[in-house]
Amino acid sequence: MSDLEAWKTTDDYIVEHLLGRDADLEGALARNSEGGLPAIDVSRTQAELLALLVRFGGAQRVLEVGTLGGYSTIVLARAVGDAGSVTTLELIPHHADVAAENLVAAGLADRVEIQVGPALELLEAMLDEPPAPFDFVFIDADKENSPEYFALARRLCRPGAMIVVDNVIRHGTLADESANDEQTLGNRRLLAHLKADDSIQATTIQTVGHKAWDGFTVALV
Ligand code: SAH
Ligand code: DHB
Ligand code: MG
30 MSDLEAWKTT
40 DDYIVEHLLG
50 RDADLEGALA
60 RNSEGGLPAI
70 DVSRTQAELL
80 ALLVRFGGAQ
90 RVLEVGTLGG
100 YSTIVLARAV
110 GDAGSVTTLE
120 LIPHHADVAA
130 ENLVAAGLAD
140 RVEIQVGPAL
150 ELLEAMLDEP
160 PAPFDFVFID
170 ADKENSPEYF
180 ALARRLCRPG
190 AMIVVDNVIR
200 HGTLADESAN
210 DEQTLGNRRL
220 LAHLKADDSI
230 QATTIQTVGH
240 KAWDGFTVAL
250 V
């Protein structure tokens, strides 16, 4: 068995023996696939970690950058509870449409606002008229801009908020000197930005599983 097959088998074991099936999440993946969306959602086990982090912190107001079909959005929206809300930003209108359908099917549409456009512009516009501060942010869009999203989102957060950034390792390209694509450069800039700011506590954790070898940055701002 290859390493990747073994990681996937283990993720499947965790779903079967710990998490259990989830009809709303499986329905979302089916609608995403029908709509031709790329299958780059967080994995089921990663989604559960996001939900736990939201709930550990008692976060009520969540910001997400990069909606796709709303797989992660569903999990975040459940975790904030019925008094909470999620604002999620998506560039591609078709992705946002599929996400909206998935959120209706999951009964969560009333606590989620999907904003459509380039996230840099949407975040700048939010900063012009700041909403109530966010408690938790999940950054999972174009990795080229992850450090910019982090810096802007932070200004929309309360002190003590948590920011999680997806896809920071990308099969080890982060530390591979021969990899110099824009996404990897974005992730390297993210770590440099965090290291240079003593007011932020952050780490980056490598993960394996259905998303192969990747990882999250987790920061307290
Ligand atoms: N968080 C989702 C996956 C997001 S995939 C989940 O786990 O279920 C990344 C998404 O970011 C894609 O839908 C892509 O269209 C979107 N995206 C890419 N560039 C963007 C930009 N500049 N502004 C906003 N969204 C962007
Ligand atoms: C890609 C994007 C993601 O957010 C992810 O989790 C995995 C892959 C991608 O653009 O290839
Ligand atoms: Mg991702």
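Using this note's numbering, the first residue of the sequence shown is number 30, and each one after it goes up by one. Even for Gly, the Cβ is constructed at its ideal location relative to N, Cα and C. Here the structure is a predicted model, which means the values were calculated and not measured.
8 Å contact criterion, which residue i and residue j should meet: CB distance rounded
| i | j | result |
| --- | --- | --- |
| residue 155 | residue 248 | About 19 Å separates the two Cβ atoms, so there is no contact after all. |
| residue 15 | residue 244 | In the structure displayed, the chain extends from 30 to 250; residue 15 sits before or after that span and is not available. |
| residue 70 | residue 97 | 6 Å |
| residue 164 | residue 187 | 6 Å |
| residue 131 | residue 60 | 6 Å |
| residue 112 | residue 89 | 6 Å |
CB contact flag (residue i, residue j, <7 Å)
| i | j | result |
| --- | --- | --- |
| residue 168 | residue 135 | no |
| residue 91 | residue 105 | yes |
| residue 241 | residue 33 | yes |
| residue 141 | residue 64 | no |
| residue 230 | residue 173 | no |
| residue 108 | residue 84 | yes |
Straight-line Cα distance separating residue j from residue i
| i | j | result |
| --- | --- | --- |
| residue 116 | residue 73 | 21 Å |
| residue 170 | residue 30 | 32 Å |
| residue 181 | residue 152 | 6 Å |
| residue 66 | residue 119 | 13 Å |
| residue 4 | residue 195 | Residue 4 falls outside the range modelled here, since the chain spans only 30 to 250, and no answer is possible. |
| residue 36 | residue 78 | 17 Å |
| residue 42 | residue 48 | 9 Å |
| residue 149 | residue 175 | 10 Å |
| residue 222 | residue 214 | 12 Å |
| residue 86 | residue 161 | 17 Å |
| residue 39 | residue 82 | 22 Å |
| residue 55 | residue 146 | 27 Å |
| residue 139 | residue 237 | 34 Å |
| residue 50 | residue 44 | 7 Å |
| residue 250 | residue 227 | 10 Å |
| residue 293 | residue 76 | This structure does not reach residue 293, given that the chain is present from 30 up to 250, and the question cannot be answered. |
| residue 207 | residue 166 | 31 Å |
Residue i versus the options, residue with shortest Cα-Cα distance
| i | options | result |
| --- | --- | --- |
| residue 246 | 225, 216, 226 | 216 |
| residue 234 | 226, 199, 55 | 199 |
| residue 159 | 130, 185, 111 | 185 |
| residue 80 | 63, 101, 61, 64 | 101 |
| residue 62 | 164, 87, 123, 176 | 123 |
| residue 99 | 86, 111, 121 | 121 |
| residue 110 | 137, 201, 125, 207 | 137 |
Limits of the unbroken beta strand (DSSP E) element including residue i
| i | result |
| --- | --- |
| residue 118 | 114-119 |
| residue 198 | Run containing residue 198: none; DSSP gives neither H nor E here. |
| residue 150 | Where residue 150 is concerned, there is no enclosing beta strand (DSSP E), although the alpha helix (DSSP H) it sits in stretches over 148-157. |
| residue 231 | 230-236 |
| residue 142 | 141-145 |
| residue 246 | 243-249 |
| residue 92 | 90-94 |
| residue 164 | 163-168 |
Element boundaries [alpha helix (DSSP H), containing residue i]
| i | result |
| --- | --- |
| residue 214 | 211-225 |
| residue 104 | 100-109 |
| residue 127 | 122-134 |
| residue 35 | 32-43 |
| residue 83 | 73-85 |
| residue 53 | 52-63 |
| residue 177 | 175-184 |
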